[in-house]
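Report on one structure; see the data block that follows.
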Amino acid sequence: MKMLVTLITAGLALSGTALAQDIAVINGRVITNTAQGQIETGGVLVRDGVIVEVGANITVPDGATTIDANGGWITPGIFAPFTQLGLIEVALESSTNDAGASESDFSVALDVVDSFNPNGTYLATNRMEGITRFAVFPSTGHNLFAGQGALGNTSGNADSLFETQSFVYADLSQSGASTAGGSRSAAWAFLEAAFGDARAYPGRYSSGSGDALNRYDAAALVDVVRGRTPLILQVDRASDIRRAIRLAEDNAPLQIIIYGGAEAWIVGEDLAEAGIPVLMDPMRNLPSSFDALGSTLEAAARLNDAGVSVAYTTQTADGYFNPRLLPQHAGNAVTNGVPWADAFRAITLTPAEVFGVDDQLGALAPGYIADVVVWDGDPLEVMSAPTHVIIDGEDTDLTSRQTRLRDRYADIEDTTPFGYRH
Amino acid sequence: MSLDWKSWVAGLAASALVACSGGDGSDEAADNDTGNGEAEVVRYDLDPYPSTYQPLPSETTFITGATIFDGVGGEIENGDILVVDGRIAAIGQGLEAPEGAVIVDAAGRYITPGVIDIHSHLGDYPSPGVDAHSDGNELTQPNTAEVWAEHSVWPQDPGFARALAGGVTTLHVLPGSGNLFGGRGITLRNVPSRTVQGMKFPEAPYTLKMACGENPSRVYGNRGTSPATDMGNMAGYRAAWIRASDYRDSWNDYWEDPENNSAPTRDLELDTLMGVLEGQILVQMHCYRADQMAQVIDMSREFGYQVTTFHHAVEAYKIPDLLQEADICAAVWADWGGFKMEAYDTIRENLPLVHANGGCAMIHSDDALGIQRLNQEVAKALADGRRMGLDISDAEAVAWFTSNPARGLGILDETGSLEVGKRADIVIWSAHPFSTYAQADNVYIDGALLFDRENGLQPVSDFDLGQIGEGDD
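As you go down the protein sequences, you meet chains A and B in turn.
Letter 251 of the first sequence, counting from 1, is numbered 251 in my numbering, and no numbers are missing.
So the number in my numbering is just where the residue sits in the second sequence, counting from 1, plus 1000.
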């Protein structure tokens, strides 16, 4: 994977300069995701984009910008582990949808970094609801490999992708089987052949072609087969998940992550033992396909009890418009048996762990990147909302195209023509 | 506008020329000689697939000590409800339980009317989503007013039981939105049944699903047939209303003077459109954009019919005054958008803004998952409305998933609120229904306890039986 900006280094580089800025967030219930646990009333001190102090009585330096949480909640930013933010503006308009490339000859080599648009309007609408970090996934096209994903923040800044080539995504569910020619056997044969191509890269390509992949796609898969970049497999059926576990065992040090996982709870102990994380939606409870007959609201709690590393998604909503509903999905996990702290961790620190950035993101602790959200209540309650969203130490704008539309039409009786209200 | 389905039957009978249908299926009888020299007047059955719904057995039930939202703006602290013979017999504070009543202690809990979803495809697009079950959109021509959603409903859709666990007691199943005229919708009680007839809400009016905008023009435009544009959509509706008006006139001429007029040839498509023109079938119209809704309002005036509810209506907030003037409700999501161009101007405050401007607004799901937590969807919309300064009480907002959809379906005199005499469709919630952590504990339909979380009482569909997911919610 390529870390584009080492954020802590960038922050330190600025310290001690005229740009030094302190933000003190005070007077709230602090959720740290560390051994400090919940601090009933406390705050967080941010300096130059980095958290420097967390506690019941933080030191507020002279000249610091103070944000009063007014008894609300102070938490790490929400990390959405499966999104297509920045790839889609209007899903059905192909001219605005860069998630998939079914007409392309390439697959693994497709890199979302070239499609991602930080000016997409849903960066702001998601930021406003407390989403600060996300993983961006391509969609599958002509074969079961969708391509390479990245990690971003919701600032909307030009450099908001802070890591690229973070993972490769492939569909091994029934839809992947269909893409591969019509059966699971075909899908796994293709996957195994692709692995062979990547292992034999570049030698095999100097004298001929690959069994499954072209030269560029094989090159892009090399870091996966060598265990440097995780492979995220979309699978739902328990038998497919067992097959994925076997793939990981047979190809050590391959790292795999399960996405979907409708029936993952059935093989929870195996997943825990293999150390394979699951990205799943706790609100998914319908037997939507014959792959997902075991879907249940109990799944999140069962996986949690089995000791599986679980990060929550908004799979049943969507990935480009409504990752912002992630706190609601986590709240429903709580309603269905997951302890609050575990459910909240599943949308903050756990996804950071899954993507290997938990040393910088997902917690409120000294040295962490300052992604801090202030809420007017319990963040997992549907009626709560952020009052401040701090990303990389910047207190961000909480307006969007949607709030502008709202404000334009808020007073229907105002005599100013609608087109001049702006 | 009369919303009573029975009145059409009665109205026709009152013409003294149409014998009340015996419902024997012997419709479309051509004029024939009865043998005694008098021509028999052609008639047809308006209810050939009648409801066979029977409430499940219920007991006299006294629910006590709850915070009650009555669904029509009232909130009763420490309130009691008495259910007798499946109907609400009393509601208020300090009521006495009659001898022998089942007592349900709801202290610390909350009660609302049963949740009503005005926009569902359960049964028509059931789980699992296999090809054989894709029964919601008759995409063979742009006007399929002749199809009836009830004829596609698979009663074993596991989604019904999941919706019941979310407090849903009544739902309206619609055809999809790929056609200008999608067909008739049907209002169902959310009860397990072998047949759809066993779920049909007795005497609920039929509805007609129509659709604006991108869906029909995309489906047919891609085939190189009309409609391919918004103007093609409008032309398609208008041409159909002209034919329907002629059809209605032909029947009325015939019924008024059968000796000098012949009966029109029966036409299923035009039967439904005529029902709309007669004010007996309620139009439920899928429209997103404000300007398109305004066009449809003009069209309804051109042909003399009423649109009951605009569904999705993501831009209803731009025209609350037009909707109010036309007496049209808006059934909306809390926060869906972005999936197509006509959904681009979605805002989270749509529902509360329409409400606060005096309009009739409600939540809807259009989704087998969303239907399970319409209370949460309302909570989000309410919170967003308050955050922009709108003053809306919890009790008012409860109407968004209870009495307002009942109004939109023409069944408000039977359900949708907790008022004496109405069907005892009741949800006891574990916590305030606007909390993420609230669950439906008990769900009653016509006073019968159909779901009881604590005691594990829940229906299991035939499909779920013996599968991995059996019994899980």
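C-beta: ideal position from N, C-alpha, C; glycine also.
Cutoff 7 angstroms: residue i Cβ touching any chain A Cβ
| i | result |
| --- | --- |
| B/Ala1030 | In this predicted model, B/Ala1030 has a pLDDT of only 41, less than 50, meaning its place in the structure is not dependable enough to derive any value. |
| B/Leu1139 | no |
| B/Asn1455 | no |
| B/Asn1357 | yes |
| B/Gly1213 | no |
| B/Ser992 | Nothing can be reported for residue 992 of chain B, as the shown portion of chain B is limited to 1001 through 1473. |
| B/Gly1167 | no |
| B/Asp1473 | yes |
| B/Pro1320 | yes |
| B/Gly1224 | no |
| B/Gly1159 | yes |
| B/Met1341 | yes |
| B/Ala1163 | no |
Contacts that residue i makes with chain B (C-beta to C-beta distance below 7 angstroms)
| i | result |
| --- | --- |
| A/Gly294 | Ile1468 and Gly1469 |
| A/Tyr122 | Gly1338 |
Chain-ordered chain B contacts of residue i [CB-CB under 9 angstroms]
| i | result |
| --- | --- |
| A/Gln328 | Arg1373, Gln1376, Lys1380 and Thr1436 |
Cα-Cα separation, residue i to residue j
| i | j | result |
| --- | --- | --- |
| B/Glu1414 | B/Pro1113 | 12 angstroms |
| B/Ile1081 | B/Gly1092 | 7 angstroms |
| A/Tyr216 | A/Thr140 | 17 angstroms |
| B/Asn1078 | B/Asp1367 | 34 angstroms |
| A/Glu381 | B/Asp1047 | 46 angstroms |
| A/Asp318 | B/Ala1397 | 26 angstroms |
| A/Val357 | A/Thr348 | 11 angstroms |
| A/Ile78 | A/Leu326 | 8 angstroms |
| B/Gly1185 | A/Gln38 | 51 angstroms |
| A/Thr314 | A/Met283 | 8 angstroms |
| B/Thr1207 | B/Leu1282 | 4 angstroms |
| B/Ala1438 | B/Asp1298 | 43 angstroms |
| B/Glu1138 | B/Phe1181 | 10 angstroms |
is_contact[residue i, chain B] using C-beta, thresh 7 angstroms
| i | result |
| --- | --- |
| A/Leu303 | no |
| A/Ile412 | yes |
| A/Ala91 | yes |
| A/Met128 | no |
| A/Gly419 | no |
| A/Thr335 | yes |
| A/Met383 | yes |
| A/Gln425 | Because chain A spans 1 through 422 in this model, residue 425 of chain A falls outside it and cannot be assessed. |
| A/Ser289 | yes |
| A/Leu297 | yes |
| A/Leu465 | Nothing about residue 465 of chain A can be read from this structure; chain A reaches only from 1 to 422. |
| A/Thr396 | no |
CB of residue i within 7 angstroms of CB of residue j, strictly
| i | j | result |
| --- | --- | --- |
| B/Asn949 | B/Pro1216 | Residue 949 of chain B cannot be examined here, being either before or after the span of chain B that is shown, 1001 to 1473. |
| B/Val1173 | B/Ala1149 | yes |
| B/Met1210 | B/Met1293 | no |
| A/Trp73 | A/Gly42 | no |
| B/Gly1416 | B/Ala1424 | no |
| A/Ala311 | A/Ala346 | yes |
Proximal chain A residues relative to residue i, where beta-carbon distance stays under 7 angstroms
| i | result |
| --- | --- |
| B/Leu1369 | Met283, Leu286 and Thr316 |
| B/Glu1075 | By Cβ distance, chain A contributes nothing, its closest Cβ being about 17 angstroms from B/Glu1075, past 7 angstroms. |
| B/Gly1129 | Ser288 and Ser289 |
Residue range of the alpha helix (DSSP H) that includes residue i
| i | result |
| --- | --- |
| A/Thr179 | Gln174 to Thr179 |
| A/Glu192 | Arg184 to Arg199 |
| A/Phe290 | Unbroken run through A/Phe290: none, as it is neither H nor E. |
| A/Trp340 | Trp340 to Arg345 |
| B/Ile1242 | Asp1230 to Glu1256 |
| B/Lys1380 | Leu1374 to Arg1387 |
| B/Arg1453 | Neither: B/Arg1453 is in no alpha helix (DSSP H) and is coded neither H nor E. |
Under 9 angstroms from the C-beta of residue i: neighbouring residues of chain A
| i | result |
| --- | --- |
| B/Ser1353 | Correcting the residue identity first, residue 1353 of chain B is Leu in this sequence and not Ser. Neighbours of B/Leu1353 on chain A, chain order: Arg406, Tyr409, Ala410 and Ile412. |
| B/Tyr1317 | Leu405, Arg406, Tyr409, Ala410 and Ile412 |
Chain B residues whose Cβ lies nearer than 8 angstroms to that of residue i
| i | result |
| --- | --- |
| A/Gly331 | Thr1436 and Tyr1437 |
| A/Glu263 | Ile1468 |
Range of the contiguous beta strand (DSSP E) that encloses residue i
| i | result |
| --- | --- |
| A/Tyr312 | Val310 to Tyr312 |
| A/Met383 | Segment: none, A/Met383 is in no beta strand (DSSP E) and carries neither H nor E. |
| B/Gly1526 | Nothing about residue 1526 of chain B can be reported from this structure: the residues present for chain B run from 1001 to 1473 only. |
| A/Glu40 | Gln38 to Arg47 |
Residues that residue i contacts on chain C, provided the C-beta gap is smaller than 8 angstroms
| i | result |
| --- | --- |
| A/Tyr320 | Chain labels in this structure do not include chain C; the protein chains are A and B. |
Per-residue contacts from residue i into chain A (C-beta, under 8 angstroms)
| i | result |
| --- | --- |
| B/Thr1346 | Gln402 |
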